[in-house]
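Taking it in order: structure first as structure tokens, then the write-up.
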Amino acid sequence: MPVDRSVTFTGIQFENPFLLSSAPPTESESNITRAFEAGWGGVVTKTIGLHPVVNVYGAKAKFMRTSPEDANVSMKKRPGAALHSSWNWELISDKTLEWWAPRIRRIKEAFPNRVLIASIMAGSGNDKELRHWQELAETAQGEGADGLELNFSCPHRDRRDMGSNIGKDQGLCSVVTEAVKEVAKVPVWCKLTPATADIVVEAAACFRGGADAIVSSNTFPSIPLIDPETLEFEINVDGFVSSGGLGGPAILPLSLAKMAQLTKAFPDKNFSGIGGISDFNQALSYFALGCGTVQVCTAAMLDQAIGPNVIRKLLAGLDRFLGEHAKDGWKNVEDFRGIRRDRIVLQSEIRRPDSADYHSGYETVEGYAAPQPEVAVRA
Ligand SMILES: Cc1cc2nc3c(=O)[nH]c(=O)nc-3n(C[C@H](O)[C@H](O)[C@H](O)COP(=O)(O)O)c2cc1C
């Protein structure tokens, strides 16, 4: 019997739950076309905005590797070194909305059964900027986009009213989401920055604004290492660098921790997981925490720019996994989604050699009951 890879996420039908995330693999019509031909169930376009975009000189992204021999994390390629992470300071798409609009239409006409999500970004400081969000949303959905992903997450914005600066402000998260929902006819996903104290706060604000799903994570704020020989940052322009974003294997456990907080706080909501996925085993962790879809960037960039081998491995892994668990009655992703969400508990609930002596880290006073923890930590 053929395996059922399909999922329904925020009301959208996907042939499979694997998407290319908003990034270089999805920055052009030819890339997106190749991605669908390779088998990706969905694609989130490189983020589209209305403001001027001019990238820095030279490389916009590089990859860090490490090896057992030197234990260094470095952008220098050396034999035997394994991928540690990607680092980028690339801005959003430098193509205009007018450039994107006919391409969204052509891609959807060519691949009506594949899912195309338009990632969009504008400011948030005034009504004009909120209207920019609405213009981007209306144009993208008018051209056939199946959904919208609001970029509240890119880590390297100078503008205080954009990207991860929105994702750090719960008021802005809900105001912008609400503005887009006023005009949206398709599902609206909010992609949040992981760089906040408690991502549950911003997610709650997005849901208050009407978000249909939360997407997490974008890259984590980071800077490149200093080369011990030249004393220069491994990536720089005229010796200078600014904070950029870390992606790839290094962020997998960090991103899972964010996702665990989210899915535990909102077990009935929709989540799309990103961060460090290159094959099914990593995607499985996100599904088991409760994600309905997952997205990939770094691994795809390193695999012929759009990840034909990555999607092949993801699909084969899902098929194998469902085959192995047919005996458990699992027929599709929905049957095992969230199966490990409830295994994340307070530290005090974890068994220890002598639990009678442990009172959540508090002293007991002789003759009195153990004090209760004051704040229940979420994850
Ligand atoms: C070079 C580069 C450019 C990116 N551009 C965007 C973007 O325009 N919009 C966005 O939402 N995320 C962007 N991202 C973030 C990715 O979509 C993704 O969230 C992140 O890389 C983590 O996934 P990964 O570990 O699979 O790389 C970019 C990432 C990289 C490496």
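Read in order, the letters of the sequence shown correspond to residues 24 to 402 in the working numbering. Using N, Cα and C, we set each Cβ at its ideal position, and we do this for glycine too.
Check: Span of the alpha helix (DSSP H), counted from its first residue to its last, around Gly-340; Outcome: 331-347
Check: Ligand 1 heavy atom lying under 6 Å from the CB of Ala-46; Outcome: yes
Check: At least 3 beta-carbon pairs within less than 8 Å: the stretch 100-114 vs the stretch 148-164; Outcome: no
Check: Alpha-carbon spacing of Gln-305 relative to Ala-392, whole angstroms; Outcome: 43 Å
Check: Identified DSSP bridge partners for Phe-359; Outcome: According to DSSP, Phe-359 bridges with nothing at all.
Check: Through-space distance from Leu-43 to Thr-70, alpha-carbon basis; Outcome: 13 Å
Check: Assigned exposure category for Asp-169 - 16 Cβ within 10 Å defines buried; Outcome: buried
Check: Inter-stretch contact (C-beta, 8 Å, three-pair minimum) for the stretch 358-370 and the stretch 298-315; Outcome: yes
Check: Straight-line Cα distance separating Phe-32 from Ser-383; Outcome: 39 Å
Check: Straight-line gap, Gly-270 to Ala-379 (C-alpha atoms, nearest Å); Outcome: 42 Å
Check: Cβ neighbour criterion (16 or more within 10 Å) applied to Ile-35; Outcome: buried
Check: At least three beta-carbon pairs within less than 8 Å, the stretch 212-230 to the stretch 282-290; Outcome: yes
Check: Secondary structure of Ile-55, DSSP reduced to three states; Outcome: helix
Check: C-beta contact flag for Thr-216 and Gly-232 at 7 Å; Outcome: no
Check: Backbone CA spacing between Ile-237 and Glu-161 [nearest angstrom]; Outcome: 20 Å
Check: The stretch 255-266 touching the stretch 190-205, judged by at least three CB pairs closer than 8 Å; Outcome: no
Check: Reference Val-206; option with closest CA among Gln-157, Asn-241, Ser-371, Pro-244; Outcome: Gln-157
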